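Chains as they are written, first to last, in my numbering: chain A, 1 to 120; chain B, 1 to 682.
Virtual Cβ for every residue (Gly too), placed ideally from N, Cα, C.
Quick caveat: nothing in here was measured; it's all calculated off a predicted structure.
What follows is one structure encoded as structure tokens, with my remarks underneath.
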């Protein structure tokens with residue numbers, strides 16, 4: 001996995017992406033959902049998300065010749081009133097970059113992060 | 001004036017010397033010095049500078065920023081030279097990297113210019129560094145000194161303004177200005193962008209995210225963005241602030257667009273209040289203002305001052321300290337609220353101790369100095385301990401409900417955001433994303449430009465100004481359609497979340513409390529109180545029930561007293577039993593009135609023995625039934641942990657006087673949990 005810009009990655013077709021999410025802020029019930037290729041599920045605390053980047057399922061265009069792009073969305077929920085925070089690490093099994101990110105609670109509403117993967 | 005001019009002149013000389021020496025540095029030492037300067041500037045900007053050192057710190061900041069600008073310009077020159085040297089051998093990747101670096105350096109140079117301008121303006125007025133750029137509205141020519149391709153600071157010779165030249169953007173005025181000396185040229189600063197000049201924070205974000213102010217979801221989202229932008233810059237070690245169209249920013253902007261477009265209740269109304277904590281003393285204490293005892297206690301320490309006396313006919317003032325032993329130990333160990341909470345969950349002994357609490361009440365009317373709190377044993381009027389039997393208000397008991405919510409509304413929202421992403425944002429280019437809606441893209445580009453020039457201190461003001469200019473009414477119909485789809489999913493999500501949290505907050509609490517009441521002359525008593533609490537399913541109303549027995553600790557003392565007064569009935573161990581109930585209802589919209597809580601309480605007490613006065617005298621014919629009815633308000637000072645209870649109580653009689661009466665009570669209480677969570681959350 002190669003980080004092209006913040007939140008935008010180039011990955012190989014078939015590369016398995018791992019997203020490790022940890023709740024690091026105020027005590028909150030762990031609440032993370034992911035969605036990619038038209039489906040997804042809630043994330044179990046302590047179990048990283050693993051997604052195989054399948055070029056045939058990607059619908060978006062890419063400025064990389066021959067590549068296709070797809071968004072991957074993570075929704076973060078907070079049961080706390082304030083101070084909730086999630087830290088993330090995104091990496092690929094083919095090596096390359098490890099991308100770290102975070103999202104912090106601002107109100108009781110959810111936060112959502114969408115990453116773009118360009119599959120070559 | 002003279003001394004200021006001289007200082008400025010010396011400063012210019014120093015900067016000139018720095019410029020010259022910088023030009024000769026190697027690329028390696030240049031990079032290292034840049035890193036050091038960035039570090040130092042960040043530290044100086046964020047440091048809590050003592051009043052006496054503010055001016056000196058500001059002056060150092062100006063010097064360091066000026067030096068950094070010079071070095072950045074050297075870096076720009078080096079990059080350009082390198083590109084020219086490689087010519088056609090340069091790869092696309094290298095070109096891209098050079099372009100990115102040039103852009104970043106230019107932005108940083110501009111930002112430094114704005115910051116120096118602000119500092120110079122603050123220095124001139126003797127005020128603190130302004131959070132809003134205060135550069136002159138039109139460029140003004142003034143003499144300055146500059147090195148070869150280096151930096152410059154305009155002087156204030158002759159009372160003219162000081163400002164800085166923007167990187168690589170020499171104005172015609174600057175070019176036309178007379179030379180000061182060999183190699184020196186007149187330099188002019190660009191005015192701050194008009195939007196930055198006009199940027200004004202209408203919302204004090206410092207008070208919004210930490211709960212010091214009642215705020216809507218919209219306010220919190222705006223302040224959350226303003227908080228995150230500088231934090232992300234720091235975490236990426238970037239030189240400029242950015243509002244990225246990747247990560248969590250787009251969804252925040254989408255929520256803000258929705259809030260501004262259709263003002264849905266779930267985004268524009270403020271949060272509500274927790275009703276279950278007991279901070280003050282027990283009803284039997286001299287100054288107590290409440291008829292019932294609540295089930296919850298502060299996790300660390302609560303403090304209440306009350307004046308009144310509900311169950312006696314004598315007034316009194318009491319001070320109660322109520323707390324949790326584990327919470328206090330953690331506080332003394334300087335462990336954060338969250339850290340300690342998580343650690344304690346893993347220790348069975350601490351888990352048990354967390355279910356216990358203690359309270360000490362002092363009657364300030366006792367002792368040699370009535371009305372003065374001395375904290376002596378003499379003033380200690382009661383102590384109590386309690387243990388929690390049932391607490392169905394712990395979030396971890398509702399994991400299944402939470403998981404169901406995540407699988408249902410949470411997943412639906414994630415899928416909707418993912419599916420609609422491509423309809424809002426063009427993600428084709430690996431170098432950056434774009435809004436598909438041209439109005440949003442134009443807004444975003446301008447916002448990005450302004451944020452990149454903003455200092456950490458004025459990001460919030462710039463962002464708030466820009467958010468006020470969101471093209472809410474000019475969006476494409478396709479964009480509006482997507483926003484409506486997301487709004488619907490978000491509404492379902494918020495409703496689902498509220499259902500789970502209301503269920504948690506309305507869970508049952510059952511607690512047993514033992515209270516030892518210490519009298520001065522009368523016999524001491526022990527009170528055994530069962531406290532039950534339950535909220536309604538909507539989480540809006542909280543019910544409390546108390547049932548208690550009071551016994552004399554030492555019957556022998558009472559018997560001896562009765563021996564001396566043979567007309568009195570024989571002494572019995574049981575003094576009284578009581579039942580009490582209370583209902584708490586939050587009033588109105590928090591945004592309009594604050595989190596005021598209306599409460600109504602009733603209490604029945606069967607006095608099985610004649611009442612005893614403070615002086616130890618037993619009053620004949622005072623046995624019987626006593627009924628109380630109380631209504632009042634609790635007015636919280638939001639975010640401070642302070643609450644002011646105001647109430648009026650009606651009673652058919654008191655323990656000592658068999659006459660109807662009406663009493664007013666006022667007090668204040670402080671829940672240290674609130675303060676501690678703010679001061680040291682982690």
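Residue-level contact check: residue 233 of chain B does not touch chain A, since none of the beta carbons of chain A fall below 8 Å from its beta carbon. For the stretch 50 to 78 of chain A, the set of residues with a beta-carbon nearer than 9 Å to any beta-carbon of chain B comprises 59, 60, 61, 62, 63, 64, 67, 69, 70, 71, 72, 73, 74, 75, 76, 77 and 78, in chain order. Contact annotation for residue 244 of chain B against chain A: 6 and 7 [CB-CB distance below 8 Å, chain order]. Residue environment: residue 258 of chain B is assigned as buried (16 or more neighbouring CB atoms within 10 Å of its CB, all protein chains considered). CA-to-CA, the gap between residue 15 of chain A and residue 89 of chain A works out to about 16 Å. Interface with chain B (8 Å Cβ-Cβ cutoff): residue 92 of chain A is excluded. For the set A:9, A:112, A:63 and A:3, the Cα lying nearest the Cα of residue 86 of chain A is the one of A:112. In the three-state reduction of the DSSP assignment, residue 502 of chain B falls in the helix class.
If you ignore the 5 residues before and after residue 44 of chain B, its C-beta comes within less than 8 Å of the C-beta of 57, 60, 61 and 64, all in its own chain and listed in chain order. Sequence-distant Cβ neighbours of residue 648 of chain B in its own chain, meaning closer than 8 Å and more than five residues away, are 630, 631, 632, 662, 663, 664 and 665. Residue 403 of chain B reaches chain A at 42, counting residues in chain order whose Cβ is nearer than 8 Å. Given a length threshold of 3 residues, each whole run of the beta strand (DSSP E) inside the stretch 575 to 637 of chain B is given here in chain order: 597 to 607 and 624 to 637. Interface with chain A (8 Å Cβ-Cβ cutoff): residue 414 of chain B is included. For the C-beta of residue 248 of chain B, the chain A residues within less than 7 Å are, from N- to C-terminus, 103, 111, 112 and 113. If the five residues before and after residue 203 of chain B are omitted, its C-beta is found closer than 7 Å to the C-beta atoms of 219, 222, 223 and 464, all from its own chain and listed in chain order. At a cut-off of 8 Å, the C-beta of residue 395 of chain B has a neighbouring C-beta in chain A. The three-state reading of DSSP puts residue 495 of chain B in helix, counting H, G and I together.
The beta carbon of residue 34 of chain A sits closer than 8 Å to some beta carbon of chain B. By DSSP's assignment, residue 100 of chain A forms a beta bridge with A:89. Taking 8 Å as the threshold, the shortest C-beta distance from residue 507 of chain B to chain A does not fall below it. Bounds of any alpha helix (DSSP H) do not take in residue 454 of chain B, whose DSSP letter is neither H nor E.
Taken atom to atom, the span from the alpha-carbon of residue 13 of chain A to that of residue 21 of chain A is near 23 Å. The residues 13, 68 and 119, in chain order, have a CB closer than 7 Å to that of residue 55 of chain A in the same chain once the five nearest residues on each side in sequence are set aside. The shortest C-alpha to C-alpha distance from residue 500 of chain B to any of B:384, B:625 and B:395 is the one to B:395.
Exclusion of the five residues before and after residue 83 of chain A leaves 25, 26 and 105 as the residues of its chain whose Cβ lies within less than 7 Å of its Cβ. Within the same chain, and ignoring the five residues on either side of residue 49 of chain A in sequence, the residues whose Cβ sits closer than 6 Å to its Cβ are 19, 34 and 43. Between residue 440 of chain B and residue 475 of chain B, the C-beta gap is smaller than 8 Å, which places the two residues in contact.
Listed in chain order, the positions of the stretch 215 to 230 of chain B with a beta carbon within less than 9 Å of a beta carbon of chain A are 215, 216, 217, 218, 219, 220, 221, 222, 223, 224, 225, 227 and 228.
The residue from B:48, B:239, B:246 and B:240 with its alpha-carbon nearest to that of residue 3 of chain A is B:246.
With fewer than 16 other Cβ atoms from the protein chains shown falling within 10 Å of its own Cβ, residue 29 of chain B counts as exposed. In the structure shown, residue 663 of chain B adopts extended strand secondary structure according to DSSP, grouped into three states. Inclusion of residue 656 of chain B and residue 622 of chain B in the CB contact set at 8 Å is warranted, their separation being smaller than that value. At a cut-off of 8 Å between C-beta atoms, residue 31 of chain A counts as an interface residue with respect to chain B. Here residue 76 of chain A is buried. Its C-beta has 16 or more other C-beta atoms within 10 Å.
Scanning chain A for C-beta atoms nearer than 7 Å to the C-beta of residue 411 of chain B yields 33, 40, 41 and 42, reported in chain order.
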